[in-house]
Amino acid sequence: MSAVRLARGCSRLFLLELEARAEPLCFLLRAEPSAPSCPSSTLALLSAFGSARLFSLLVHGGGRVHRARSHAELVNALSSRLPPECRVLPLTAFLPGVKDSVTRGFFLRDESTSSSSTERVLNELKQSHALTVFSYEREENGGGQYWCQELWGCPTTDTEAGENQRLYVTPVTAPQENPTALHIINSVVFYRLDDAYQVLEECRDIIPESKEVLEIVNQQLEAYRRDIRFPVVVIKGLDATGKTTLTESLQQALGATLLKSPPQCLAAFRQRFDSEPPLIRRAFYALGNYITAAQIARESLQRPVIVDRYWHSTAAYAIATAVSGAVEKLPALGSEIYEWPSDLLQPSLVLLLTVSPRERLRRLQGRGLGQTEEETQLEVNDLFRQKVDEAYKRIQNPACVTVDASPSPDQVLQQVLSLIRNKCHL
Ligand SMILES: Nc1ncnc2c1ncn2[C@@H]1O[C@H](COP(=O)(O)OP(=O)(O)OP(=O)(O)O)[C@@H](O)[C@H]1O
Ligand SMILES: Nc1ccn([C@H]2C[C@H](O)[C@@H](COP(=O)(O)O)O2)c(=O)n1
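Be aware that the sequence shown starts at 1, since it is given in full-length UniProt numbering, and climbs by one per residue.
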């Protein structure tokens with residue numbers, strides 16, 4: 001990837017997710033026009049850019065919490081305020097292989113008859129958000145045709161050096177390491193208590209509830225140990241696969257303690273953090289797992305422990321939401337994103353309940369309870385459901401054992417009891 005470090009301040013790769021294409025379009029910026037290294041990307045770029053007015057928007061400045069909230073606000077503002085002829089596509093800028101280098105933004109393809117309404121919206125958004133806007137123009141140069149990127153509107157003080165130059169868009173082959181995985185680690189999935197804790201520390205002044213959550217974490221984790229005496233069995237699965245029914249029966253059958261993640265002591269804060277962008281929301285759920293871990297350690301000294309969801313659920317939902325598109329776009333099995341956090345208590349056994357989509361829908365409808373936005377998405381979006389299920393299956397150390405939860409509640413219970421007796425020697 002040394003080829004991408006060509007000009008000062010222009011070494012980032014820009015990855016553009018186009019709706020109709022399986023592979024994202026990748027380009028970098030160079031100070032001089034150069035022959036494209038990848039002709040097929042050039043063709044894709046030309047057809048994607050077409051004759052529309054083009055802009056890219058990158059959120060900058062402030063801390064990561066501010067940037068995450070700005071990004072979420074911009075998603076809403078762009079979709080509600082831009083003219084319908086202006087398409088908004090996800091854009092990611094990053095340095096290959098560098099974990100904290102990912103900046104997420106937007107690419108605008110404006111086909112509206114007049115430029116004024118789009119430009120008005122962009123100007124307003126630049127006033128209200130720390131936003132760098134670039135525009136693109138076609139240039140004929142030495143017989144070749146190039147796209148050039150320039151800073152649009154007034155430069156802001158936070159703009160990185162080199163970004164106000166006119167630079168040549170150069171299509172390149174996308175690097176093997178997708179920036180999605182780079183972005184997931186520590187922004188979407190957390191692998192150490194301190195990393196999740198730090199996010200809520202950074203939220204103290206913006207989200208007052210963060211202080212209360214951190215106080216609970218401090219209290220609950222005062223004597224946190226990671227060793228267990230009696231077996232600890234985690235039950236996970238999509239909603240309405242029968243987790244509550246099974247965990248309650250197991251509690252009775254084994255004389256076990258039943259715990260949940262997120263734990264009851266965080267219940268009052270859940271709705272508040274559910275409305276925040278992934279960085280903050282997922283850090284909240286990650287902390288919930290550590291509280292549950294502390295409770296598991298205490299309880300497992302006395303009796304077996306059954307846990308209704310744990311880190312697997314946090315990670316699988318977060319990964320499935322962060323990865324747009326098909327199941328094949330998930331980072332491959334063996335990727336570090338599926339690794340269990342080294343400082344989180346490990347259960348003895350993890351069971352994944354599965355039922356057919358049709359049976360799950362029947363159970364959801366039969367129950368008729370309110371649903372979180374993500375559950376609603378699961379119901380309408382089969383693709384998302386498949387990604388959650390697949391992410392569950394790819395999580396390692398401990399990996400999960402899949403249980404067919406379609407039979408009657410008692411048959412499922414007997415099947416699971418026999419698994420627990422075999423694997424945990426109970
Ligand atoms: N084995 C089963 N066969 C038929 N129906 C079942 C079975 N297990 C549970 N159900 C029914 O399916 C519905 C969902 O079950 P349950 O609440 O246990 O799922 P859940 O996974 O805990 O859901 P959530 O995660 O949304 O709380 C309930 O109405 C329950 O009675
Ligand atoms: N340990 C957990 C439990 C739940 N979540 C998140 C994932 C979804 O956003 C949502 C689903 O939970 P439900 O509404 O079915 O209780 O909660 C998590 O991240 N970690």
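Glycine included, C-beta positions come from ideal geometry on N, C-alpha and C.
Close CB contacts of N397 within its chain, under the 8 Å cut and outside five residues either way in sequence, are with E339, W340 and Q346 (chain order). Secondary structure at W311: helix, using DSSP grouped into helix, strand and coil.
The beta carbon of C265 sits closer than 8 Å to those of I216, Q220 and I291, all from its chain and outside the five residues before and after it, given in chain order. Within 10 angstroms of the beta-carbon of G334 lie fewer than 16 other beta-carbons, which makes it exposed.
Within the model, the alpha-carbon separation for Q145 versus H71 is close to 33 Å.
The residues I228, V232, L259, V305, V307, L345 and P347, in chain order, have a CB closer than 8 Å to that of I296 in the same chain once the five nearest residues on each side in sequence are set aside. Residue state for Y136 is assigned as strand, using DSSP reduced to three classes. Apart from the 5 residues on each side of it in sequence, S356 sits with its Cβ closer than 7 Å to the Cβ of S406 in its chain, given in chain order.
Taking 7 Å as the cut-off, one finds no heavy atom of ligand 2 near enough to the beta carbon of G242. In the DSSP assignment, L214 falls within the unbroken alpha helix (DSSP H) covering E209 to Q220. S112 is bridged by DSSP to nothing; it lacks a bridge partner. Of the heavy atoms belonging to ligand 2, none sits nearer than 7 Å to the Cβ of S70. The alpha-carbon separation between L349 and I235 amounts to approximately 9 Å.
For R385, the enclosing alpha helix (DSSP H) starts and ends at D382 to R394. Counting C-beta pairs with one atom in each stretch, the region 103-120 and the region 77-90 have three or more that are closer than 8 Å, which means they touch. For Q165, no alpha helix (DSSP H) run applies, since DSSP gives it neither H nor E. The continuous stretches of beta strand (DSSP E) do not include R229, and DSSP gives it neither H nor E. R281 places its beta carbon less than 8 Å from that of F273.
Taking a C-beta distance under 8 Å as the contact criterion, R309 and S249 do not qualify as a contact pair.
Here S80 is not near F134, since their CB atoms are 8 Å or more apart.
Short note on D239: C-beta closer than 7 Å to some heavy atom of ligand 1. With respect to the 8 Å criterion, L16 and A253 are not classified as neighbours on the basis of their beta carbons.
Judged by DSSP in its simplified three-state form, Q365 adopts helix. The alpha-carbon separation between T321 and H66 amounts to approximately 20 Å.
Around W152, the same chain offers F55, L122, V133, F134 and S135 as residues with beta carbons nearer than 8 Å, after the five sequence neighbours per side are excluded. Under DSSP, P331 forms no beta bridge with any residue. Not one heavy atom of ligand 1 falls within 7 Å of the beta-carbon of G288. Where P409 is concerned, the enclosing alpha helix (DSSP H) starts and stops at P409 to C424.
Relative to the Cα of E328, the nearest Cα in the group R367, H312, F384 and Q302 belongs to F384. Boundaries for L193: no beta strand (DSSP E) harbours it, while the alpha helix (DSSP H) harbouring it runs L193 to C203, taken from the DSSP string. CA-CA distance, D195 to N381, rounds to 31 Å. Of the candidates P277, A68, A315 and I206, A315 places its Cα closest to the Cα of N289.
At least one heavy atom of ligand 2 is found less than 7 Å from the C-beta of Y317. A direct Cα-Cα distance of roughly 12 Å separates L182 from F190. In this structure, the C-beta of G366 approaches ligand 1 to less than 7 Å from one of its heavy atoms.
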